[in-house]
Amino acid sequence: MSFDLKIKTLALELPEVPKPVGSYVSFVESDSLVFLSGLLPRRGSELIFRGKVGADLSVEQGIQAARLCALNALSVIRGQCGTLDKVGRILRVVGYIQAHNAFTDHPKVLNGASDLFKEVFGEAGLHARSAVGVASLPANAACEIELTFRIR
Amino acid sequence: MSFDLKIKTLALELPEVPKPVGSYVSFVESDSLVFLSGLLPRRGSELIFRGKVGADLSVEQGIQAARLCALNALSVIRGQCGTLDKVGRILRVVGYIQAHNAFTDHPKVLNGASDLFKEVFGEAGLHARSAVGVASLPANAACEIELTFRIR
Amino acid sequence: MSFDLKIKTLALELPEVPKPVGSYVSFVESDSLVFLSGLLPRRGSELIFRGKVGADLSVEQGIQAARLCALNALSVIRGQCGTLDKVGRILRVVGYIQAHNAFTDHPKVLNGASDLFKEVFGEAGLHARSAVGVASLPANAACEIELTFRIR
Numbered sequence: 137m138s139f140d141l142k143i144k145t146l147a148l149e150l151p152e153v154p155k156p157v158g159s160y161v162s163f164v165e166s167d168s169l170v171f172l173s174g175l176l177p178r179r180g181s182e183l184i185f186r187g188k189v190g191a192d193l194s195v196e197q198g199i200q201a202a203r204l205c206a207l208n209a210l211s212v213i214r215g216q217c218g219t220l221d222k223v224g225r226i227l228r229v230v231g232y233i234q235a236h237n238a239f240t241d242h243p244k245v246l247n248g249a250s251d252l253f254k255e256v257f258g259e260a261g262l263h264a265r266s267a268v269g270v271a272s273l274p275a276n277a278a279c280e281i282e283l284t285f286r287i288r
Numbered sequence: 137m138s139f140d141l142k143i144k145t146l147a148l149e150l151p152e153v154p155k156p157v158g159s160y161v162s163f164v165e166s167d168s169l170v171f172l173s174g175l176l177p178r179r180g181s182e183l184i185f186r187g188k189v190g191a192d193l194s195v196e197q198g199i200q201a202a203r204l205c206a207l208n209a210l211s212v213i214r215g216q217c218g219t220l221d222k223v224g225r226i227l228r229v230v231g232y233i234q235a236h237n238a239f240t241d242h243p244k245v246l247n248g249a250s251d252l253f254k255e256v257f258g259e260a261g262l263h264a265r266s267a268v269g270v271a272s273l274p275a276n277a278a279c280e281i282e283l284t285f286r287i288r
Numbered sequence: 137m138s139f140d141l142k143i144k145t146l147a148l149e150l151p152e153v154p155k156p157v158g159s160y161v162s163f164v165e166s167d168s169l170v171f172l173s174g175l176l177p178r179r180g181s182e183l184i185f186r187g188k189v190g191a192d193l194s195v196e197q198g199i200q201a202a203r204l205c206a207l208n209a210l211s212v213i214r215g216q217c218g219t220l221d222k223v224g225r226i227l228r229v230v231g232y233i234q235a236h237n238a239f240t241d242h243p244k245v246l247n248g249a250s251d252l253f254k255e256v257f258g259e260a261g262l263h264a265r266s267a268v269g270v271a272s273l274p275a276n277a278a279c280e281i282e283l284t285f286r287i288r
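Protein chains in written order, with this note's numbering: chain Y, 137 to 288; chain G, 137 to 288; chain U, 137 to 288.
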C-alpha cells in the first residue's frame, strides 16, 4: 500500500511543515541518504509539549510528544518529496528526551515515535535508535527527534 | 587475523545478544553502512552498571561500563552477521555518559569502548567519536553507546 | 570561489589542528561520507570557552564558542585534505550545548557554527542539524559540535 494512502487510512493529520528556527535547512539529501534536522513537538509555529518528562509531564504526555515529533518528520518528508512513497527505509532515529534527572523510561516515551513509523511504513519503518535524556532543549520542548532515512 | 579469532585470542567473552527494549531493531543496513541501536552496559537482560558517573560510580567503573557497551555492540554484529569479519571499518561512535553535572572526564570513560574496538579490529577499529554527558539514560544506565560501521 | 580563498577573504584564522584527546581519530572517510569527531571550542590544546551557557556564560559567549568549534572543524578538514575545496556539502551538524537546566536558546547558540558554514561554503554549507542541551561535556567545555560532510 502507498504510504500516502496509509496516512489517510489511519486518519493521521500531519502538522504544517515546520520552518527551521535557525541557520539550517530541514532536509539534506546525499546519494540515497536523507538527514532531517531535529524535530520538535510542534503544530506549525506553536510548541505543544513543553517541560521535563517525569516532572512537568507524564510518561503518557511524553509519548504523545514523541509521536508529534514523528508526525512533523513525515510532514517535512512529504513537503520536500511531495509524497511519503519516496521513503525506502527509516534507518536511524535518535530521541532526546528532556527529562527529570532521575527519569528512566525513555524507551517508553520514544516508542511514541517508533510506533508511528511502524504503523505508517510497516517493515520499511523498522529503524535503529538511541534514546537519551537531556537536561534542556530548545524552547523548553519535551523532546526532540533526529531521523535519517534511505530515499528511493 | 580474523576478528573472530582475535576475540578468542584476547579471551573476550561476548554477552548474550541484547534484545531491543522498545519498538525498534538493533541493526539496520543500508548500502555499506550499518547503524546499531544504542547499546547499554548489559549482560543479557541484566543491566550491570547503573548510576551517574562521578557521583554513584567512579571513572574506572565508567570505563568498564563503556567497555561492556562495546562488547554488546560486538555481540549484536556477530549475532546478525554470523561473524565479526564483516566489519570493514568502525566509522562513528557516540558515547552518552550519564554523569554528574560537574563531571569532565568523559573521554577517559569512553576510551573503555574505543580501546576495545582498537584491540579487536586494529586499524579498522579507529573511529570518529563524540563524548557527551547526559542527565539521564534508560533504566538508569551509566552510559549508552551508538555505533555506525562499514560492512564488507 | 575556492573555499580556501573564501577563508582568506573573510580574514578567518583557523586554530591549530586539534589533537584527539582519547583513543580515536578526528576524521573518518567512508565512500563519499566523512565523519568528524566532536569538536570543542579550543585553540590548540587550550580550551577557550568553559562553563554552562545560561549560567556561567552568556548566549553571546555561547555563540562565539559554537563558532570556534566550527573553525576547529574547518581546521581538521584542511589538515586532513590539504584544502577546504574537498567539501562537497556539509550534511549534518549536531550541537551539544552545555547549558543551564532551564536554558532554551540552543538554536541561537548553534547559529554561531551554522552561520560560519554558510559564510564559508555558501549553498554547500546548508546542513541539517539538531541542537540539544547537555548536563556536562569533556573538560567543562561550553559546547561540542559533531559534523558529517560529503567529500568530493
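Virtual Cβ for every residue (Gly too), placed ideally from N, Cα, C. Because the structure is a prediction, the values reported are computed rather than measured.
| Item | Value |
| --- | --- |
| Along the chain, where does the alpha helix (DSSP H) containing Y/Phe139 start, and where does it finish? | Phe139 to Thr145 |
| How big is the Cα-Cα spacing for U/Gly215 and U/Leu227? | 20 Å |
| When burial is assigned at 16 or more other CB atoms within 10 Å of the CB, is Y/Asp167 buried or exposed? | exposed |
| Which same chain residues, not among the five before or five after U/Ala202, have their C-beta less than 7 Å away from its C-beta? | Gly231, Val245, Leu246, Gly248, Ala249, Cys279 and Ile281 |
| Cα separation between Y/Pro177 and U/Lys142? | 38 Å |
| Check whether the Cβ atoms of U/His242 and Y/Pro274 lie closer than 8 Å to each other. | yes |
| From U/Thr145 to U/Glu255, what does the alpha carbon distance come to, in whole angstroms? | 11 Å |
| Within the continuous beta strand (DSSP E) that includes Y/Arg203, where are the two ends? | Segment Val195 to Cys217 is the alpha helix (DSSP H) holding Y/Arg203; no beta strand (DSSP E) there. |
| On the DSSP bridge list, what partners appear for G/Ile184? | In the DSSP output, where bridge partners are listed per residue, G/Ile184 has none listed. |
| Could you pull out every residue in the same chain whose Cβ sits closer than 7 Å to the Cβ of U/Phe323, ignoring the five residues on either side in sequence? | One cannot answer for residue 323 of chain U here, as it falls past the ends of chain U, which runs 137 to 288. |
| If you run the structure through DSSP and keep just helix, strand and coil, what is Y/Val161? | coil |
| Express the C-alpha separation of G/Lys188 and Y/Ala238 in angstroms, rounding to a whole number. | 10 Å |
| With DSSP as the reference, label G/Gly258 as helix, strand or coil. | helix |
| Which residues mark the beginning and the end of the beta strand (DSSP E) in which U/Arg265 is found? | Ala264 to Val270 |
| Contact criterion: CB-CB distance below 8 Å. Does Y/Ser272 meet it with respect to chain U? | yes |
| With Y/Thr284 as the anchor, note down where its beta strand (DSSP E) starts and where it stops. | Cys279 to Ile287 |
| Take G/Asn276 as the anchor and find which of Y/Phe253, Y/Ser173, Y/Ala235 and Y/Val229 has the nearest alpha-carbon. | Y/Ala235 |
| Ignore the nearest five residues each way along the sequence and tell me which others in Y/Glu292's own chain have a CB closer than 7 Å to its CB. | The displayed coordinates of chain Y run from 137 to 288. Any statement about residue 292 of chain Y would go beyond what the structure contains. |
| Which partner residues does Y/Phe171 have in the DSSP bridge list? | Y/Val164 and Y/Thr284 |
| Going by DSSP in three states, U/Val245 sits in which element: helix, strand or coil? | helix |
| Name the chain U residues whose beta carbon is nearer than 8 Å to that of G/Lys155? | Those do not exist, as G/Lys155 stays about 27 Å from chain U at its closest Cβ, beyond 8 Å. |
| Is there at least one Cβ from chain G nearer than 8 Å to U/Leu172's Cβ? | yes |
| Are G/Phe139 and G/Phe253 close, meaning C-beta to C-beta below 8 Å? | no |
| What residue from G/Leu148, G/Gly198, G/Glu152 and G/Arg286 has the CA that sits closest to G/Asp221's CA? | G/Arg286 |
| Assuming U/Ser272 contacts G/Gly269 under a Cβ cut-off of 8 Å, what Cβ separation, rounded to an integer in Å, is found between them? | 3 Å |
| Spell out whether any CB of chain Y is found under 8 Å from the CB atom of U/Asn208. | no |
| Residues bridged to Y/Gly231 by DSSP? | Y/Ala267 and Y/Ile281 |
| Please confirm whether G/Ala180 and G/Pro151 have their CB atoms less than 8 Å apart. | The question names Ala, but residue 180 of chain G is Gly in the sequence shown. Yes, the pair counts as a contact, with Cβ atoms nearer than the cut-off. |
| Can the beta-carbon of G/Leu262 be found closer than 8 Å to that of G/Leu207? | no |
| May I ask you to list, following chain order, the residues of the stretch 247-268 of chain G that have a beta carbon less than 7 Å from some beta carbon of chain U? | Asn247, Ser250, Asp251, Lys254, Leu262, His263, Ala264, Arg265, Ser266, Ala267 and Val268 |
| If you drop the 5 nearest sequence neighbours on each side, which residues of the same chain put their C-beta closer than 6 Å to that of G/Gly174? | Glu280 and Glu282 |
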